[in-house]
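All the letters of the sequence shown, read from the start, carry residue numbers 71 to 380 under our numbering.
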Amino acid sequence: MEGQDDADRATDLGVSALNRGQLSAAIDWFRRALTLDPDAPRAHALLAVALLRLKRLGAALIEAQTARRLSPESPLAHLVLGRVLLAHRRPSEAREHFEAARGLDPSEPAPLRGLAAVERHHDRDDRAAELLTQALELDPEDVETLVALGDAHLARGRVDEAERWARAALEAEPEHADALVLMGHVLLRRGDVSGAREHAVWAIRADVSDPDALRLLAAIKARESLLLGVWFRVSSVLAGLGPSAMLVLLAAYVAQRVLRLALEDLDRPAGAQLIGYAWLGICVYSWVAPGIFQRMLRRELDAVRLRDDF
């Protein structure tokens, strides 16, 4: 009994660390709890949550499956497994577990957020918004739901709406890491690099390994970089266009082809060749820049602490 109590206390301390964004400390506490009680489904599920936030998807899946196996009627176990499966790009399986969690605990908004994430995966944003609205009705002050609504609007380029939900989330919980990161991205979209950096630093203050905050910091560096600045701005604009972005890119390709053909018909091959080289340069740049950004991001994600010049 004493060992069980110690395991429960370790799990509770892990939850506190997880809520503060201290992912490494949370993982240590959950592992300590499992050392004391290897068959504790709650500790397995919460360890999966921490691993998922660190993008350690394989380990998170093992822990989530273990939690569900140990406690098949646990809403938390189904919810966490759904999140991990969605991260593995298995939305149909994820939906089953979100539905199971919703059936086991209809008053909890988290399963509805999970179902909304599945709908967003399929680009069904209107249905996702309906589900998030239902989740907010269950708990109007749930910060995770407020952040999810903000993320959904930002993904569609609705910066004003995203800012409204980000501010609501920060009013409810001023130090919530995901809300700070959301507001940072909103400010970055508006060109307020200084404000975005402040929010990123506030979010990362608790744990420098927080991947979302580091991703925001890497985005800020890309925004300020001479090499990546143009790519980042264009990517942000295209991201805000949603499915229409493909039409814009197609129109740009058609326009440059028409212009090249027109110059050739006007017996100006040098001009047509120049446009061809320019288009080739744009294509190479758009292909190389994301790789540079990902390398920059990986360096920050692998860092134990932030560099002094970041």
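All residues carry an ideal CB built from backbone N, CA and C; glycine is no exception.
Problem set entry | Rounded Cβ spacing between A164 and L156 (contact assumed at less than 8 Å) | About 4 Å; that satisfies the 8 Å criterion.
Other residues of its chain near R112: CB distance less than 7 Å, five sequence neighbours each side excluded:
T81, L146
Nearest by alpha-carbon distance to L127: which of V154, S141, L329 is it? Minimum Cα distance to L127 is reached at V154.
Report task. State the Cα-Cα distance for the pair Q92 and S144, rounded to the nearest angstrom. Result -> 25 Å
*Assuming I345 and L320 form a contact by the criterion Cβ under 8 Å, report the distance between their Cβ atoms to the nearest whole angstrom.*
The beta carbons of I345 and L320 sit about 17 Å from each other, so the pair does not count as a contact at 8 Å.
- prompt: Buried or exposed: where does A325 fall if 16 or more other Cβ atoms within 10 Å of its Cβ makes it buried?
  reply: exposed
Discussion item. Would I290 and A283 be called neighbours here (beta carbons separated by less than 8 Å)?
Written reply: In this structure, the beta-carbon distance from I290 to A283 does not fall below 8 Å.
Item to complete: Using beta-carbon positions only, say whether L250 and W272 come within less than 8 Å of one another.
Response: Contact flag set, yes.
query = With a Cβ-Cβ cutoff of 8 Å, do L185 and L208 count as a contact?
reply = no
For this session: Please state if the CB of A232 and the CB of I240 are separated by a distance shorter than 8 Å.
Result: Reading off the sequence, residue 240 comes out as Leu, not Ile. No, the pair does not count as a contact, with Cβ atoms beyond the cut-off.
Review point. Since D76 and L116 are thought to touch, with beta carbons under 8 Å apart, how far apart are those beta carbons, to the nearest angstrom?
Key: Actually they are not in contact, since the Cβ atoms of D76 and L116 sit about 16 Å apart, beyond 8 Å.
Legend entry - Separation of G152 from V188, as counted between CA atoms: 10 Å
Report all residues from its chain with a CB closer than 8 Å to the CB of S177; omit the five preceding and five following residues, and keep chain order. L208
Query raised in the report: Under the three-state reduction of DSSP, which class applies to R237: helix, strand or coil?
Result: helix
Quick check for students: name the residue ranges of the alpha helix (DSSP H) that lie wholly in the stretch 71-100, counting only runs of 4 or more. If we require 4 residues or more, the alpha helix (DSSP H) runs fully inside the stretch 71-100 come out as 72-89.
Roughly how many angstroms lie between the CA atoms of L371 and D248, to the nearest whole one? Bear in mind that the predicted position of L371 carries a pLDDT of just 48, short of 50, making it unreliable; the figure below should be weighed with that in mind. The straight-line gap from Cα to Cα measures roughly 17 Å.
Would you identify the three-state DSSP class for D107, choosing helix, strand or coil? coil
Could you give the uninterrupted runs of the alpha helix (DSSP H) lying entirely in the stretch 141-212, keeping only those of 4 residues or more?
-> Within the stretch 141-212, the complete alpha helix (DSSP H) segments of 4 residues or longer fall at 145-157, 161-174, 180-191, 195-208, listed in chain order.
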